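Read through the structure below, which is laid out as structure tokens, and then see the notes.
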């Protein structure tokens, strides 16, 4: 009746790793960056940006989380590239307005510039944050959450949302860092 | 870094009880009905049909699961009633086509016949199932999953879905059993 989800604790059947943004930043990413013990061994280390999303380990029907190193202008893999879209979303500490991290969305485009349904939410710690600039060190750990956007027919609202976040022209495979 | 979710195991932060329909039927409801040990003490017993959804214990922002006894024509509480909508959905055992349970959706209506955003998914074991008849014993345990349907503006698709499942005329508070 139990599923071995990590080395140090057995998670009963029916439980899944669905952290809030705040839990992910405070209890997993921040502790990873500072080399502290994690609550559970549930986020593997993987160079997500250099791996085709369809080749990522784990259940592709669920959101998959990975610790990956921040890279500059290296978002291309053999079959395509991740394109950053939208703006950074502040993640604030519960109970106050202190920014503890940021969340960025990316869409995977095939090499022939074809938008796919693969989405990544990249979570980063911030060393300083203002409306003008986000400072994040190169080579630092980030958490990447990769999943396939479900598109139902008819799904006018969903289609609108996807077109919104995938609207940037397909002219570059470079992720905007700030 | 741990949250006490039940008596027999500590669930690390970030994990939540999000069972599949099959997990809920096989590992929780079936074992409850047959008085077998459950994987985790995470589903409380409560007479959901006699309780106003806004008064249910737990985090109202998440899906809440309860073991409740099946009742006939007793879906009214002080502030309104649960109205069954749609048809039973078969839940089949993984790997074969054997029906192990059924899932039924209900909408909560206020006493003045006003449809609300409260939704219940009721999971039941079946003793026999055919396209003609579903046999479930009165007074047997069922699992009720209660949550508030999120309605975004604009949300044409979601609005369509809600209107579909809430379409029955508001003429009765009696849940269809078969």
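Residue numbers (UniProt numbering), protein chains in the order written: chain A, 1 to 178; chain B, 1 to 178.
Glycine included, C-beta positions come from ideal geometry on N, C-alpha and C.
Keep in mind the model is a prediction, meaning the values are calculated, not measured.
- Per DSSP, the continuous beta strand (DSSP E) segment holding residue 103(B) begins and ends at 99–110.
- Taking a cut-off of 8 Å for Cβ pairs, the region 34–44 of chain A and the region 7–22 of chain B touch, as three or more such pairs fall below it.
- Counting along the chain, the unbroken beta strand (DSSP E) around residue 119(A) starts and ends at 115–125.
- The alpha carbon of residue 48(B) has as its nearest neighbour, out of 61(B), 30(B), 80(B), 97(B), the alpha carbon of 80(B).
- Bridge partners of residue 16(B) according to DSSP: 16(A).
- Residue pairing by DSSP puts residue 66(B) in a beta bridge opposite 144(B).
- Beta-bridge pairing by DSSP links residue 91(A) to 101(A).
- Ranked by Cα distance from residue 67(B), the options 144(B), 22(B), 90(B) are led by 144(B).
- For residue 24(B), a Cβ of chain A is located within less than 9 Å of the residue's own Cβ.
- With a minimum length of 4 residues, the unbroken runs of alpha helix (DSSP H) contained wholly in the region 19–51 of chain B fall at 30–33.
- When secondary structure is reduced to three states using DSSP, residue 54(B) falls in the helix class.
- CA-to-CA, the gap between residue 139(A) and residue 33(A) works out to about 11 Å.
- Its Cα nearest to that of residue 63(B), the residue 118(B) stands out among 96(B), 118(B), 142(B).
- Using a Cβ-Cβ cut-off of 9 Å, residue 19(B) is close to 13, 14, 15, 16 of chain A, given in chain order.
- By the criterion of a C-beta distance shorter than 7 Å, residue 52(B) is surrounded in its chain by 77, 78, 79, once the five residues flanking it on both sides are discounted.
- Excluding its 5 nearest sequence neighbours in each direction, residue 71(A) has C-beta neighbours in its own chain below 7 Å: 49, listed in chain order.
- Taken residue by residue, none of the region 97–129 of chain B has a beta-carbon sitting less than 9 Å from a beta-carbon on chain A.
- According to DSSP, residue 80(A) shares a beta bridge with 77(A), 110(A).
- The straight-line gap separating the alpha-carbon atoms of residue 89(A) and residue 142(B) is approximately 41 Å.
- Residue burial is scored here from C-beta neighbours: residue 102(B) has at least 16 other C-beta atoms within 10 angstroms and is therefore classed as buried.
- Chain A has a Cβ within less than 9 Å of the Cβ of residue 28(B).
- Here DSSP, grouped into helix, strand and coil, assigns residue 86(A) to strand.
- Interface residue (Cβ-Cβ distance to chain A less than 9 Å): residue 33(B) is not classified as such.
- A distance below 7 Å between beta-carbons, with the five flanking residues on each side excluded, links residue 98(B) to the following residues of its chain, in chain order: 92.
- No Cβ of chain A is located within less than 9 Å of the beta carbon of residue 146(B).
- Straight across, the Cα-Cα distance linking residue 65(A) with residue 111(B) is about 45 Å.
- Close to residue 53(A), with beta-carbon spacing below 7 Å, lies no residue of chain B; the smallest spacing is near 22 Å.
- Judged by their CB atoms, residue 124(B) and residue 46(B) are not nearer to each other than the 9 Å cut-off.
- For residue 93(A), not one C-beta of chain B is nearer than 9 Å to its own C-beta.
- Rounded to whole angstroms, residue 57(B) and residue 113(A) show a C-alpha spacing of 49 Å.
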